[in-house]
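S.K.: For the sequence shown, our numbering assigns the number 4 to the initial residue and increments by one for each residue that follows.
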Amino acid sequence: MDKLIIRGGQRLSGKVKVSGSKNAAVAVLPAVVLSQDKLTLHNLPDITDVHTMVSILEDLGVPIRRRGANSIEFRPSMLRGYTPPYDLVKKMRASYYLMGSLLARYGRAEVPIPGGCDLGPRPIDQHLKGFAAMGANIEIERGLISLSANRLRGAHIYLDVVSVGATVNLMLAAVMAEGKTVLENVAKEPEIVDLANFLNAMGASIKGAGTDVIRITGVSELGGAEHVVIPDRIEAGTFMLAAAITGGDVVIDEVIPKHLEAVLAKLREVGVDVEVEPERIRVRGMGELEPVDLKTFPYPGFPTDLQPLMMVLLTAARGTSVITENVFDGRFRHVDELKRMGARIKVEGRTAIIEGGEPLSGAPVTATDLRAGAALMLAGLAAQGETVLSDVEHIYRGYDHLEEKLAGLGGLIRRERRDHYRARSRKPV
Ligand code: EPZ
Numbered sequence: 004m005d006k007l008i009i010r011g012g013q014r015l016s017g018k019v020k021v022s023g024s025k026n027a028a029v030a031v032l033p034a035v036v037l038s039q040d041k042l043t044l045h046n047l048p049d050i051t052d053v054h055t056m057v058s059i060l061e062d063l064g065v066p067i068r069r070r071g072a073n074s075i076e077f078r079p080s081m082l083r084g085y086t087p088p089y090d091l092v093k094k095m096r097a098s099y100y101l102m103g104s105l106l107a108r109y110g111r112a113e114v115p116i117p118g119g120c121d122l123g124p125r126p127i128d129q130h131l132k133g134f135a136a137m138g139a140n141i142e143i144e145r146g147l148i149s150l151s152a153n154r155l156r157g158a159h160i161y162l163d164v165v166s167v168g169a170t171v172n173l174m175l176a177a178v179m180a181e182g183k184t185v186l187e188n189v190a191k192e193p194e195i196v197d198l199a200n201f202l203n204a205m206g207a208s209i210k211g212a213g214t215d216v217i218r219i220t221g222v223s224e225l226g227g228a229e230h231v232v233i234p235d236r237i238e239a240g241t242f243m244l245a246a247a248i249t250g251g252d253v254v255i256d257e258v259i260p261k262h263l264e265a266v267l268a269k270l271r272e273v274g275v276d277v278e279v280e281p282e283r284i285r286v287r288g289m290g291e292l293e294p295v296d297l298k299t300f301p302y303p304g305f306p307t308d309l310q311p312l313m314m315v316l317l318t319a320a321r322g323t324s325v326i327t328e329n330v331f332d333g334r335f336r337h338v339d340e341l342k343r344m345g346a347r348i349k350v351e352g353r354t355a356i357i358e359g360g361e362p363l364s365g366a367p368v369t370a371t372d373l374r375a376g377a378a379l380m381l382a383g384l385a386a387q388g389e390t391v392l393s394d395v396e397h398i399y400r401g402y403d404h405l406e407e408k409l410a411g412l413g414g415l416i417r418r419e420r421r422d423h424y425r426a427r428s429r430k431p432v
């Protein structure tokens, strides 16, 4: 696995442009199989998860044509098969969105059970409950989820848990189901709205995306469309926190500030200076930081994906801060790594107590997932001395050239490729 070598102490400054949203891209790409006509997606981020999803579509027989770095044209009428390849599916959890879209297109889908990950258990019971309510037969054997339905029928489904993934999957399944579907207690994330906009552009009839009730009237077929993926609010938040953590002055361009209201409010509460314009945000980490209490919640609450990065900022706020992680069981794998850098953090169940005020020290640390990896990058930029971050492939799954963008803001950060390390390890003893 590659490593990042980071030297701390530089205040970041300058302007950075946010890429397209990973979590919107991995939701709209599976929707491609629903159309009989040509589709074009723009502003796709250049990240591993997008490359994997595009490879899955190609493997299912969908010809693609790249139109520039971040635009791809698809011809899904050539689709054949409903069994995405295991070796690709196992690389990314969001490939389970193909359950909903292949079931809607074909009445069949065979998708490997998604892997867990370092955020704790990640069940899919709400996805399966919704598919069953729409009349799908579901069998789980040999590590495969096999779904089938002559034709899905609309249903009234109430999610027991607010789930982004279940909301996406059930929208994909319902758009061509017979009759009306009502999805209640759904996720309201901007990525859900982006998917609904794309599906409606293809001819779907979806109302209420972004609220907690989505109403869908099934249509007989979907056609072509062009769509521009929304900016990545989590990447934007990552740069906002990078500016705050290094005491820098950074302008984050091409963002939608409305998507970041909870993050803006919390940064102001900590004492970070933020200026908001219609499509950009300027963050200056000027003076003393105040300890705060932070609770993560589904959108529009504070996003769980920025919780690890906020924890790094709070290690610099003199006093006691408390973080409560309400979305995932066990999203504290980054704590042990931060403690190796001198952070004083105690975890009790879903709560982390941070005693801030002492500077972090550079150390060898390991990324356990992409947001923990990003948090450790920021910790390295703020720490005294050098940090060597391992297993950085996690970061490239969801961030488009993150270390280059941070280096462009003055961060002392460079990537060392695995073979370089192998060469060094062969040094004569
Ligand atoms: C999506 O994951 C995002 N991933 C995550 O971002 C994000 O952290 C998460 O939503 C919450 O915002 C993508 O969009 C690809 P959930 P998802 O279903 O859909 C429980 C990142 O770093 N649950 O909203 O898997 C679940 O265990 C990633 O970009 C059930 O109990 O999250 C969790 O506790 C990490 N049963 C809670 O709901 C289910 O059937 C929220 O999970 C489904 C979920």
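Ideal Cβ positions, reconstructed from N, Cα and C, are used throughout, including at glycine. Bear in mind the structure is a predicted one, so any value in this text is a computation, not a measurement.
Apply the 10 Å Cβ neighbour rule to Pro234 and answer buried if 16 or more other Cβ atoms are within range, or exposed otherwise.
M.R.: Here residue 234 refers to the residue found at position 231 of the sequence shown. Label assigned to Pro234: buried.
S.K.: Return the chain-ordered ranges of every beta strand (DSSP E) run that is complete within the segment 50-84 and spans a minimum of 3 residues.
M.R.: Complete beta strand (DSSP E) runs here, min 3: 67-69, 75-77.
S.K.: Please confirm whether Ala375 and His337 have their CB atoms less than 8 Å apart.
M.R.: Taking the sequence shown and counting its residues from 1, one reaches residue 375 at position 372. Taking the sequence shown and counting its residues from 1, one reaches residue 337 at position 334. Going by C-beta atoms, Ala375 is nearer than 8 Å to His337.
S.K.: Contact check, Arg271 vs Glu278 under 8 Å by CB: the rounded distance?
M.R.: Here residue 271 corresponds to residue number 268 of the sequence shown, with the count starting at 1. Here residue 278 corresponds to residue number 275 of the sequence shown, with the count starting at 1. The Cβ separation is near 11 Å, so there is no contact.
S.K.: On a CA-only basis, which of Val165, Arg70, Gly64, Ile219 is nearest Asn329? Give me that one, please.
M.R.: Here residue 329 refers to the residue found at position 326 of the sequence shown. When each option's Cα is compared against that of Asn329, the closest is Val165.
S.K.: For Ile116, name the three-state secondary structure that DSSP assigns.
M.R.: Here residue 116 is taken as the residue at index 113 of the sequence shown, counted from 1. Looking at Ile116 - three-state DSSP - the assignment turns out to be coil, as it is neither helix nor strand.
S.K.: When we look at the beta-carbon of Pro481 and count the other beta-carbons within 10 Å, is it buried (16 or more) or exposed?
M.R.: With the chain running from 4 to 432 in the structure shown, residue 481 is simply not present.
S.K.: Cα-Cα, which of Phe242, Ile255, Leu297 is closest to Ala265?
M.R.: Position 262 of the sequence shown, counted from the first residue, corresponds to residue 265. Per the Cα distances, Leu297.
S.K.: Quick one: grab the DSSP three-state call for Phe242.
M.R.: Looking up residue 242 in the sequence shown gives position 239. Helix, per DSSP.
S.K.: Assuming Leu63 and Val36 make a contact with CB atoms under 8 Å, what is their CB distance in whole Å?
M.R.: Start at 1 with the first residue of the sequence shown, and residue 63 comes out as number 60. Start at 1 with the first residue of the sequence shown, and residue 36 comes out as number 33. That belief holds up - the Cβ atoms of Leu63 and Val36 are roughly 7 Å apart, short of 8 Å.
S.K.: Give me the Cα-Cα distance between Gly221 and Glu291, rounded to the nearest whole angstrom.
M.R.: The residue given as residue 221 occupies position 218 in the sequence shown. The residue given as residue 291 occupies position 288 in the sequence shown. The straight-line gap from Cα to Cα measures roughly 55 Å.
S.K.: Bridge partners for Arg283 per DSSP, in chain order?
M.R.: As a first step, residue 283 is located in the sequence shown; it is residue number 280 there, counting from the start. In the DSSP output, where bridge partners are listed per residue, Arg283 has Asp256, Glu280.
S.K.: Looking at Arg374 and ligand 1, is the gap between the Cβ and the nearest heavy atom below 7 Å?
M.R.: For this step, residue 374 is matched to residue 371 along the sequence shown. Checking the Cβ of Arg374 against ligand 1 gives yes.
S.K.: Please report the distance separating the alpha-carbon of Pro431 from that of Leu150.
M.R.: Translated into the one-based positions of the sequence shown, residue 431 becomes position 428. Translated into the one-based positions of the sequence shown, residue 150 becomes position 147. Reliability of the predicted coordinates at Pro431 is poor, the pLDDT of 47 falling under 50, and the value obtained from them is presented with this limitation in mind. In a straight line, the C-alpha of Pro431 is about 57 Å away from that of Leu150.
S.K.: Would you say Pro193 touches ligand 1, meaning its beta carbon is less than 7 Å from a heavy atom?
M.R.: The residue labelled residue 193 in the question sits at position 190 within the sequence shown. No - ligand 1 has no heavy atom lying nearer than 7 Å to the Cβ of Pro193.
S.K.: Based on Cα-Cα distance, which residue from Glu419, Leu381, Arg421 lies nearest to Gly413?
M.R.: Looking up residue 413 in the sequence shown gives position 410. If we check each option's Cα against that of Gly413, Leu381 comes out closest.
S.K.: Under a three-way DSSP split, which group does Thr299 fall into?
M.R.: As a position in the sequence shown, residue 299 is number 296, starting the count at 1. Reduced to three states, the DSSP call for Thr299 is strand.
S.K.: How is Ser22 classed by DSSP in three states: helix, strand or coil?
M.R.: Here the question's residue 22 lines up with position 19 in the sequence shown. Coil, per DSSP.
S.K.: What three-state label does DSSP hand Thr307 in the structure shown?
M.R.: Mapped onto the sequence shown, residue 307 falls at position 304. Of the three classes helix, strand and coil, the one that applies to Thr307 here is helix, per DSSP.
S.K.: So for Ser166, helix, strand or coil by DSSP?
M.R.: For the purposes of this step, residue 166 is identified with residue 163 of the sequence shown, where counting begins at 1. Note: Ser166 maps to coil in three-state DSSP.
S.K.: Would you say Gly168 touches ligand 1, meaning its beta carbon is less than 7 Å from a heavy atom?
M.R.: To locate residue 168, count along the sequence shown from 1; it is residue 165. It does: the Cβ of Gly168 is within 7 Å (strictly closer) of some heavy atom of ligand 1.
S.K.: Can Asp256 be considered in contact with ligand 1, in the sense that its beta carbon sits closer than 7 Å to one or more heavy atoms?
M.R.: Here the question's residue 256 lines up with position 253 in the sequence shown. It does not: the Cβ of Asp256 is nowhere closer than 7 Å to a heavy atom of ligand 1.
S.K.: Say yes only if the C-beta of Phe331 is nearer than 7 Å to one or more non-hydrogen atoms of ligand 1, and no if none qualify.
M.R.: Here residue 331 refers to the residue found at position 328 of the sequence shown. Checking the Cβ of Phe331 against ligand 1 gives yes.
S.K.: Would the C-beta of Asp252 count as close to ligand 1, meaning under 7 Å from any of its heavy atoms?
M.R.: Indexing the sequence shown from 1 puts residue 252 at position 249. Result no, Cβ not under 7 Å from ligand 1.
S.K.: Out of Ile217, Asp197, Leu131, Leu341, state which residue places its alpha-carbon closest to the alpha-carbon of Ala386.
M.R.: What you label residue 386 is simply residue 383 of the sequence shown in a count that begins at 1. Comparing Cα-Cα distances from Ala386 to each of Ile217, Asp197, Leu131, Leu341, the minimum goes to Leu341.
S.K.: Assign Val171 to buried or exposed, taking buried as 16 or more other Cβ atoms, counted over all protein chains shown, within 10 Å of its Cβ.
M.R.: By 1-based counting over the sequence shown, the position of residue 171 is 168. Looking at its Cβ environment, which holds 16 or more other Cβ atoms inside 10 Å, Val171 is buried.
S.K.: Can you tell me where the beta strand (DSSP E) holding Val189 begins and where it ends?
M.R.: Locating residue 189 in the sequence shown gives position 186, counting from the first residue. It is not in any beta strand (DSSP E) - Val189 carries neither H nor E in the DSSP assignment.
S.K.: Using a Cβ distance threshold of 8 Å, determine whether the segment 189-199 contacts the segment 211-229, with at least three qualifying pairs required.
M.R.: Cβ pair count under 8 Å is three or more, so yes.
S.K.: What I want to know is whether the C-beta of Asn440 ends up closer than 7 Å to one or more non-hydrogen atoms of ligand 1.
M.R.: The displayed coordinates of the chain run from 4 to 432. Any statement about residue 440 would go beyond what the structure contains.
S.K.: Under a three-way DSSP split, which group does Tyr402 fall into?
M.R.: In the sequence shown, counting from the first residue as 1, residue 402 sits at position 399. Coil.
S.K.: Got a sec, what are the start and stop residues for the alpha helix (DSSP H) Gly383 sits in?
M.R.: Along the sequence shown, one-based indexing puts residue 383 at 380. Here the alpha helix (DSSP H) through Gly383 covers 373-385.
S.K.: For ligand 1, is there any heavy atom lying closer than 7 Å to the beta carbon of Arg125?
M.R.: By one-based count along the sequence shown, residue 125 stands at place 122. Yes, since a heavy atom of ligand 1 falls inside the 7 Å radius drawn around the Cβ of Arg125.
S.K.: Checking the sheet assignment: what are the DSSP bridge partners for Ala355?
M.R.: Here residue 355 refers to the residue found at position 352 of the sequence shown. Answer is Ile326, Val350, bridged to Ala355.
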